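Notes to accompany the following structure.
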Amino acid sequence: MLRLRHDTAPAWKAVLLGNLDAFLCDHAHNERKVAAAALQLAAHQPRHNGLVRDLIAMAQEEVGHFGRIHALIVERGGQLGHDQPDPYMTAVHRQLRRPDNAAYLLDRLLTFGIVEARGCERFRMAAEALSPGPLGELYWELTASEARHHQCYVSWARELYPEVEVTSRLDELLAAEAVIAKSLPLRPALH
Ligand SMILES: [Fe+2]
Ligand SMILES: [Fe+2]
2 MLRLRHDTAP
12 AWKAVLLGNL
22 DAFLCDHAHN
32 ERKVAAAALQ
42 LAAHQPRHNG
52 LVRDLIAMAQ
62 EEVGHFGRIH
72 ALIVERGGQL
82 GHDQPDPYMT
92 AVHRQLRRPD
102 NAAYLLDRLL
112 TFGIVEARGC
122 ERFRMAAEAL
132 SPGPLGELYW
142 ELTASEARHH
152 QCYVSWAREL
162 YPEVEVTSRL
172 DELLAAEAVI
182 AKSLPLRPAL
192 H
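Our numbering applies: residue 2 is where the sequence shown begins, and numbers increase by one.
Structure below.
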């Protein structure tokens with residue numbers, strides 16, 4: 002289990018409840034983007050059969066989440082809306098080494114793992130904040146799913162790169178992510 006180095010402030014729960022509709026739209030777009038990112042990673046690593054298989058399964062699951070959150074938005078009388086800039090993801094992506102670096106795949110796997118771990122933390126907080134009911138239950142279910150996803154990415158990093166390299170890079174990326182998460186304002190958004 003990945004341990005993030007910065008805990009989201011408990012005040013984020015009130016921000017979320019203050020604009021649940023905005024949060025749901027942002028969440029839906031995030032599910033769409035992680036599904037697309039998993040498929041893109043599969044296309045870039047066609048030689049790794051096991052990794053491609055796991056990424057296809059992950060993308061299918063994320064598309065399922067996208068569909069469920071979109072249905073919820075519609076049920077509440079809303080619309081998906083346009084995707085908004087995500088300063089967290091922009092800053093996290095800046096940590097990746099260049100595509101021509103031999104460790105680019107390592108960076109992508111570990112970064113995806115860290116982002117899933119942050120999603121797991123936020124979904125758990127959302128589930129705690131929401132009143133007991135179908136929406137709260139959905140967020141508990143999503144918390145479990147993100148916990149599996151982040152472990153999957155980190156396991157693949159460990160399978161493909163030496164342990165010492167994984168540990169040291171993970172340490173750097175976790176430290177960078179904590180600085181990013183701490184520096185950003187609390188928004189009714191997943192990040
Ligand atoms: Fe998801
Ligand atoms: Fe996920």
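Glycine residues also receive a C-beta, built at the ideal position from the N, C-alpha and C atoms. Predicted, not measured: the structure shown is a model, and the values here were computed from it.
- Buried is the label assigned to residue 120, since at least 16 other Cβ atoms lie within 10 Å of its Cβ.
- Using a cutoff of 8 angstroms, the CB of residue 161 does not count as near ligand 1, since none of the ligand's heavy atoms is closer than that.
- In this structure, residue 67 keeps its C-beta atom at 9 angstroms or more from the C-beta atom of residue 189.
- In this structure, ligand 1 has a non-hydrogen atom nearer than 8 angstroms to the beta-carbon of residue 150.
- Counting C-beta pairs closer than 8 angstroms gives fewer than three between the region 12-29 and the region 41-51, which falls short of the contact rule.
- Residue nearest to residue 77 within the set 40, 99, 191 and 136 is 136 (criterion: CA-CA distance).
- For residue 118, same chain residues with a beta-carbon under 7 angstroms away, outside a window of 5 residues either side, are 3, 5 and 151 in chain order.
- Sixteen is the threshold: since fewer than 16 other Cβ atoms of the shown chains lie within 10 Å of the Cβ of residue 187, the residue is exposed.
- The alpha helix (DSSP H) runs of length 4 or more contained entirely in the region 57-124 are, from start to end of the chain, 88-94.
- Sequence-distant partners of residue 82 (beyond 5 residues in either direction) whose C-beta falls short of 7 angstroms from its own C-beta, in its chain, are 26.
- Its chain contains 139 as the residues whose beta carbon lies nearer than 8 angstroms to that of residue 69, once the 5 sequence neighbours on both sides are disregarded; these appear in chain order.
- Judged by their CB atoms, residue 52 and residue 174 are not nearer to each other than the 9 angstroms cut-off.
- Note on geometry: alpha-carbon atoms of residue 133 and residue 143 lie some 15 angstroms from one another.
- Its chain contains 56, 59, 60 and 63 as the residues whose beta carbon lies nearer than 7 angstroms to that of residue 39, once the 5 sequence neighbours on both sides are disregarded; these appear in chain order.
- Setting aside the 5 residues that flank it on each side, residue 159 is surrounded in the same chain by 167, each with a C-beta closer than 6 angstroms to its C-beta; the list follows chain order.
- Between residue 42 and residue 127, the C-beta gap is not smaller than 9 angstroms, which leaves the two residues out of contact.
- Counting only the Cα atoms, residue 50 lies some 32 angstroms from residue 192.
- With a cutoff of 9 angstroms on beta-carbon distance, residue 154 and residue 97 are scored as not near each other.
- Beta-carbon to beta-carbon, residue 14 and residue 129 are separated by about 7 angstroms, close enough to satisfy the 8 angstroms threshold.
- Residue 148 counts as buried, since no fewer than 16 other beta carbons sit within 10 angstroms of its beta carbon.
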